[in-house]
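For reference, the structure is listed below as structure tokens.
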Amino acid sequence: MRQHLRQSSEQSRSSEQRADRDPMRFGWHGLALAWLAAFAVPCRVPAQQGAFKGEVKDSATWTPLSGLKVYLLNDHQQRVGSTLTDARGLFVVPHPTAGIFQLQFDRPGMKSVFGPVDTVSADSVISRLYSATFVANPLGEYQVDEPARELPGVQGPPRYPRSLERASLKGSVKVSFVVDTTGHVDMKSVKLIRSSDIAFYKAVMDALPHIMYIPARFRGQKTPQRVEQTFDFKPPLGR
-18 MRQHLRQSSE QSRSSEQRAD RDPMRFGWHG LALAWLAAFA VPCRVPAQQG AFKGEVKDSA
42 TWTPLSGLKV YLLNDHQQRV GSTLTDARGL FVVPHPTAGI FQLQFDRPGM KSVFGPVDTV
102 SADSVISRLY SATFVANPLG EYQVDEPARE LPGVQGPPRY PRSLERASLK GSVKVSFVVD
162 TTGHVDMKSV KLIRSSDIAF YKAVMDALPH IMYIPARFRG QKTPQRVEQT FDFKPPLGR
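In the working numbering, the protein residues as written are -18 to 220.
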């Protein structure tokens, strides 16, 4: 489900009309949305031009969130404008016409968060203070700039199961999991894709907490990444 921003302040012009929010259509049902005290924010946009503007802060630390991608969505959820928050967490994105709009805030490797839905006139300027909580949404291998890779020499491959040594079976296990920004496997994220024997899968699960990775990078920053990896098993020599 979409996570929504908590926001304070009302529109800065009396010409704005608030839209009725449909919880089923826009995903507001069951999400926490706190309204803070309204306050006036000076508008720095050309006369007769409508815009959404505001300040975005982390809901836990109350520090400005810089470098966030801000998208303006129309009532068909199409992007009709975009900008970035500056070092103080401030942004301005014009809206081209009157209509129904919503803001989407993106941070690399995180799930998008969304502002409220507004119905505005062509010259309406809406100013708000947003507090946002971002939750990890790991990128895939082809979405990052530098994929995560196993750190050599830290931990060997999973051990061949002793229960299968007498049978001398070959096998393989393919799993997917998230490598976090510290290079560890998030064990809660592990998903089995295929395994030739349950004993091989158990050996992989025993080994994963001890395998270290070089974290993925996106736009110069470490980011969680979902990895798919195959582990092959061969019986010990002399068996």
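Beta carbons are placed, not taken as given, at the ideal position from N, Cα and C, and that holds for glycine.
Quick caveat: nothing in here was measured; it's all calculated off a predicted structure.
DSSP-derived helix/strand/coil call for residue i
i: M186; result: helix
i: I107; result: strand
i: R143; result: helix
i: A129; result: coil
i: A180; result: helix
Through-space distance from residue j to residue i, alpha-carbon basis
i: R60; j: S176; result: 42 Å
i: R207; j: D99; result: 35 Å
i: I179; j: A188; result: 14 Å
i: T211; j: V185; result: 10 Å
i: F95; j: L54; result: 10 Å
i: E36; j: Q58; result: 22 Å
i: V26; j: Y182; result: Its pLDDT being 48, under 50, V26 is placed unreliably in this model, and the value from its coordinates should be taken loosely. Approximately 59 Å between the Cα atoms of the pair.
i: W9; j: S108; result: With a pLDDT of 29 at W9, under the threshold of 50, the modelled position of this residue cannot be trusted, and the question is left open.
i: L132; j: M193; result: 6 Å
i: I174; j: D161; result: 20 Å
i: G31; j: V154; result: 56 Å
i: G62; j: F33; result: 10 Å
i: Q136; j: P190; result: 10 Å
i: S170; j: P205; result: 11 Å
i: M91; j: P75; result: 25 Å
i: G164; j: Q124; result: 18 Å
i: Q85; j: G134; result: 43 Å
Beta strand (DSSP E) segment containing residue i, residue limits
i: A244; result: With the chain covering -18 to 220 only, the question about residue 244 has no answer from this structure.
i: A79; result: Segment: none, A79 is in no beta strand (DSSP E) and carries neither H nor E.
i: Q202; result: 202 to 204
i: R60; result: 60 to 65
i: F199; result: 197 to 199
i: F95; result: 94 to 101
i: L49; result: It is not in any beta strand (DSSP E) - L49 carries neither H nor E in the DSSP assignment.
i: S157; result: 152 to 160
Cβ-based neighbour list, residue i, same chain, cut-off 8 Å, excluding 5 preceding and 5 following
i: K215; result: Y141, K151
i: K38; result: T44, P45, L46, G70, L110, Y111, S112, A113
i: S40; result: R(-13), S112, A113, T114
i: K172; result: V156, S157, F158
i: R200; result: P89, D126
i: A68; result: P45, S47
i: L120; result: P89, G90, A197, F199, T204, P205, Q206, R207
Sequence-distant residues of its chain with Cβ nearer than 6 Å to residue i (five each side left out)
i: E122; result: P128
i: R143; result: none
i: D87; result: K50, S93
i: L145; result: A180
i: P139; result: A184, V185, A188, F212
i: D56; result: I81
i: F72; result: V51, T64, T66
i: T42; result: none
Close Cβ partners of residue i (< 7 Å) along its chain, the five nearest in sequence each way excluded
i: Q202; result: P89
i: R130; result: Y194, I195
i: D167; result: F158, V159, D161
*If we count Cβ pairs, one from each stretch, closer than 8 Å, do we get three or more for the segment 106 to 120 versus the segment 40 to 52?*
yes
*Should the segment 100 to 113 be regarded as contacting the segment 73 to 85, the criterion being three or more beta carbon pairs within less than 8 Å?*
yes
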